[in-house]
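To keep things clear, I will list the structure first and then write my remarks on it.
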Ligand SMILES: Cc1ncc(C[n+]2csc(CCOP(=O)(O)OP(=O)(O)O)c2C)c(N)n1
Ligand code: SF4
Ligand SMILES: [Mg+2]
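Chains as they are written, first to last, in our numbering: chain H, 1 to 341; chain X, 1001 to 1623.
Laid out in structure tokens, this is it:
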């Protein structure tokens, strides 16, 4: 890539002329806006950016971003993106998946992308439903979700996207909200800055098949109590006037919600967020309503020394440098040969 | 420490001269049969014989010793004439233990020679091998010539001075028997001695023990009494085209061909794969060829392997993936994506016996339908087949050429037999190969992602990183002109037609079908593909020597078929198609040309015997 004077991009530089085909009011629109803003802020030239997606409503995303885009097959975006990044590690590679795409059919690939630590940014639009196929429950749907395939309510326990990502060895795990436009572009920028696989779960409202499923978290009336915005180095506080906070109960080995100034709780009792602490990240990722607020922001950011794509590149280069056999003619003549006259 | 051969000249003048011989080494999977076989192969090649080999592994990695399912074998056919197959029937069986005898005696030529280790026929051994009575005593071996030697005892004796334990000493048994077989055919031991010294460089006592065993076995030959008072055999050098030769196994040649293909295309290669028998050796070989601009990636499954290859192709490299039938089945949806987005992709299928897990270590050619037809929707691609180990090199290059020229997936069929078998191969002069540099698109003016080349109908290849060519591709149907998503009915018809026309058009860029032996037109043609080449070739040449009007046609291009093939086949009264499946190519040819191709099928996990094909020829033309 040429190192030219940086061009200042605007979000609209990343908009395509394609007609957007999401339902009016779908949370995906807000995410699209947030991503376009983040891309402009990051400032990578559009020709060096690739969006890879699987299948689903979310996965239509690449058509609406003026970069290179590859709308692949259901669940396999991580594998395709792996090939793209390994073939050209200089590219900024982003993945977009729905909850079903990533964690149902593509669960295996998601796990391996994260544990291999390939330097891509993996965005999961979690609407807790299969949107494109008209509303069946998904692996993130709450117990009891009524859907065309579960008329009496779903009976299998949901998976936590961020928990799964951490368990798979993900080293950057964050959570955002579709309508959280102030925060989302910043989270995406952080994901981009992280060297290695970055995983961002974005809570997304499907207005048609699962409308309001996150109301208990995102509705203005409850947001203050229901969300905790985690920031590295800052105390984990939330609620009206930031009165509440998270304390570690060492005896029970778990977090608990406390109110500063009540029951002898002081400011010092509140945990300070350490984004490199995996045990804390796992506890934060697992917090859910109603007992806990939902963690939003960068939950875990702990880069490894080397990413998989860089390690592959290094091995390829040293193989080239150390090779004794460097031409096909030499290769074909390696080992025992004999002349027939 | 260096060990050299003692010079023991075979007793001159008493050797029987043979045209060709088939020897089968058989023993426990821990007995080093494959190593023994490959050493014998090497020395045979150096002696100037033509040859073909057939390694026959058990499915189990380490079956209990002494059991029949742990028996591993290596068969070699070598001769003073052209050798086309590993041989219908062994003339000589070297049995390292009673189980090896039990498994392999059935196929031995009546009157053939058995060399066995009588030290492995104790009651316990026999029980493990599943013998109720001792075959050395119950008349089982009457139809054969038998040389019984207590090899175990002799080996222990011969390596005593090196202070190995009995177990380690017994591990030299294969070298002892190899030494004896070297004597039998008057072979030079030195290359194997050099090889042993190099292999066990860090364990000189092991090297010395193995060399001593080899020498002891060879020396024993001087004393052994062969039936008919024969003192060994001589198989003279074959008339082979002059040139520089080496032995090559199919998997190796295929890897080299892919490396060569990337050089000719002047593009890096990305190889994504997931281990499966018998395809893994390709991954292993390519993993050591990174200096040729090859990235290898062991994916989490076959789907990820092919998808990563497609991603790499999208990003501008030549994506290659490899598996065997079950894995190819998993890749199917992704191959459809590659067809839809029209990216180059090479898919190697090392076929094995199926369906399902089938018999992983046994060969078959039963994935032809899968290759040609086996996808949802109208989804044509190019199918090629290699006909033997050395041919893998050329077929792999052709696969890369067609994939990049036509922006299409190419399925390359090989099989377990080809992958593992080795043959002497005349090393080509690579500088004489025509390059086919691939040009990726860079011109933004008038660019649409589905712009096509007028001659090949290949779409442009515009790779990320190229300024001004940002575009979106995907599995959803695309507008013929703009490349945007399109659900338009007429457009889908048009795109289906163009995908079809593109692949059919490949026929204009491949050679016309030639006749391998015999003339165009006549009473009978045998048409084959893949690894049936050897037996068909030998059977046809034997029959032609008897004056029979039979020709041999062998396909490399399975889809599209060469454009003259229909006319060519119509020029024979009868066409027979031998294949190791239930008649797949026959069906394809019948469908394409309305010619009554007669299938000759076999799915026994083994290559055809020459005799089986000769019999089919005789059935048409008379004995
Ligand atoms: C192999 C395959 N199986 C099934 C489908 C059907 N399918 C398309 S999208 C989808 C689920 C999408 O759900 P999610 O990933 O959550 O995305 P959303 O539509 O909710 O954004 C399914 C089952 C498919 N396209 N391909
Ligand atoms: S179905 Fe739901 S997720 Fe899909 S576009 Fe409509 S609102 Fe969005
Ligand atoms: Mg969903």
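Think of the CB as a built atom: it goes at the ideal place given N, C-alpha and C, for glycine as much as any other residue. Keep in mind it's a predicted model, so treat the numbers as computed, not measured.
Scanning chain H for C-beta atoms nearer than 8 Å to the C-beta of residue 1392 (chain X) yields nothing, as the closest lies near 13 Å away.
With its beta carbon at least 7 Å from every one in chain X, residue 43 (chain H) lies outside the interface. The beta carbon of residue 320 (chain H) falls within 7 Å of a beta carbon belonging to chain X, placing the residue at that interface. For residue 339 (chain H), the enclosing beta strand (DSSP E) begins and ends at 337–340. Unbroken beta strand (DSSP E) runs of no fewer than 3 residues, entirely contained in the stretch 1467–1500 of chain X, are found at 1472–1474, following chain order. Under the 7 Å criterion on CB atoms, residue 339 (chain H) is classed as interfacial with respect to chain X.
Under DSSP, no beta-bridge partner is assigned to residue 1613 (chain X). Take residue 1114 (chain X), set aside five residues on each side of it, and the residues of its chain with a beta-carbon closer than 6 Å to its own are 1093, 1144, 1146, in chain order. At least one heavy atom of ligand 2 lies closer than 6 Å to the C-beta of residue 206 (chain H).
Shown in chain order are the members of the stretch 60–84 of chain H whose Cβ falls below 7 Å from a Cβ of chain X: 62, 63, 66, 67, 68, 69, 70, 71, 72, 73, 76, 79, 80, 81, 82, 83, 84. Burial is judged here by how many other beta carbons sit within 10 angstroms of a residue's own beta carbon; residue 1127 (chain X) has fewer than 16 and is exposed.
Separation of the CB atoms of residue 1187 (chain X) and residue 1047 (chain X) is rounded to 6 Å, and the pair is thereby assigned contact status at 8 Å.
Boundaries cannot be given for residue 209 (chain H), as no alpha helix (DSSP H) includes it and DSSP labels it neither H nor E. Non-local beta-carbon contacts of residue 1109 (chain X) in its own chain, meaning distances under 6 Å to residues more than five positions away in sequence, involve 1089, 1091 in chain order. Interface criterion met: the Cβ of residue 87 (chain H) is under 7 Å from a Cβ in chain X.
Residues of the stretch 6–18 of chain H with a C-beta less than 8 Å from any C-beta of chain X: 16, 18, listed in chain order. The stretch 58–69 of chain H and the stretch 207–222 of chain H do not touch, with fewer than three beta-carbon pairs separated by less than 8 Å.
Fully enclosed alpha helix (DSSP H) runs of no fewer than 4 residues occupy 1368–1373 of the stretch 1341–1391 of chain X, in order along the chain. Remark: C-beta atoms of residue 78 (chain H) and residue 40 (chain H) do not approach each other more closely than 7 Å. Along the stretch 107–128 of chain H, going in chain order, the ones with a CB nearer than 7 Å to a CB of chain X are 108, 109, 112. Taking 7 Å as the threshold, the shortest C-beta distance from residue 1314 (chain X) to chain H falls below it.
When only Cα atoms are considered, residue 1279 (chain X) and residue 293 (chain H) end up about 51 Å apart.
When beta bridges are read from the DSSP output, residue 1055 (chain X) appears opposite X:1074. By the C-beta density criterion, residue 1467 (chain X) is exposed, having fewer than 16 other C-beta atoms within 10 angstroms. Assignment of beta-bridge partners to residue 1550 (chain X) by DSSP yields X:1524.
Residue burial annotation: residue 330 (chain H) is exposed, with fewer than 16 other C-beta atoms found within 10 angstroms of its C-beta. Not one heavy atom of ligand 2 lies closer than 6 Å to the C-beta of residue 75 (chain H). Check the Cα spacing between residue 1086 (chain X) and each of X:1353, X:1553, X:1538, X:1570: the tightest is with X:1538. Per DSSP, the continuous beta strand (DSSP E) segment holding residue 1578 (chain X) begins and ends at 1572–1579. Closest option to residue 120 (chain H), judged by alpha-carbon separation, among H:86, H:240, H:139, H:144: H:86. Taken atom to atom, the span from the alpha-carbon of residue 1501 (chain X) to that of residue 1402 (chain X) is near 15 Å.
Within the stretch 1456–1475 of chain X, those residues whose Cβ lies closer than 9 Å to any Cβ of chain H are, in chain order, 1462, 1463, 1464, 1465, 1466, 1467, 1468, 1469, 1470, 1471, 1472, 1473, 1474, 1475. Boundaries of the alpha helix (DSSP H) around residue 110 (chain H): 107–116. If you look at residue 219 (chain H), you'll find it isn't in any alpha helix (DSSP H); DSSP assigns it neither H nor E. When CB distances to chain H are screened at a threshold of 8 Å, the residues of the stretch 1476–1491 of chain X falling below it are 1476, 1484, 1485, in chain order.
Minimum Cα-Cα distance from residue 289 (chain H) among the listed residues H:298, H:218, H:297, H:249 corresponds to H:218.
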